[in-house]
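Since the structure comes first, as structure tokens, the remarks are kept for the end.
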Amino acid sequence: DRVEAAKRELEEETGYIAKELTHVVDMYGSPGFCDEQLSIYFTDNLEEGTVHLDEDEFVEVIKVPIENVKSMLMNKEIEDAKT
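To convert, note that position 62 of the sequence shown is 62 in full-length UniProt numbering; the numbers rise steadily by one, no gaps.
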């Protein structure tokens with residue numbers, strides 16, 4: 001189940017637990033290179049949990065107010081599907 005996988009990955013990599021997720025879109029992360037599809041979800045209902053990163057993973061969580069996201073996209077502060 002993609003939703004449960006997204007919730008699990010969110011907690012493992014950011015330490016946040018999503019009470020619910022809303023599916024936004026499926027997209028290709030590297031079209032022309034591979035057929036890996038990414039599923040994008042939204043939530044504004046989070047609680048803090050515990051990060052469980054692998055030794056070779058480096059994740060920086062940056063909290064951004066939702067009203068700032070559009071301008072960040074337009075200013076190319078968010079440039080790829082995995083940001």
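All C-beta atoms, glycine included, are put in the ideal place defined by N, C-alpha and C.
{"Query": "Rounded straight-line distance, which links the Cα of M27 to that of F33", "Result": "13 Å"}
{"Query": "One or two residues paired with I78 in a DSSP bridge", "Result": "For I78, which the question treats as bridged, DSSP gives no partner whatsoever."}
{"Query": "Those residues which DSSP pairs with I40 across a bridge", "Result": "V25"}
{"Query": "Under the three-state DSSP convention, the category I17 falls into", "Result": "strand"}
{"Query": "Collapsed DSSP secondary structure at L10 in the structure displayed", "Result": "helix"}
{"Query": "Cβ-Cβ distance between V69 and I62 below 9 Å", "Result": "no"}
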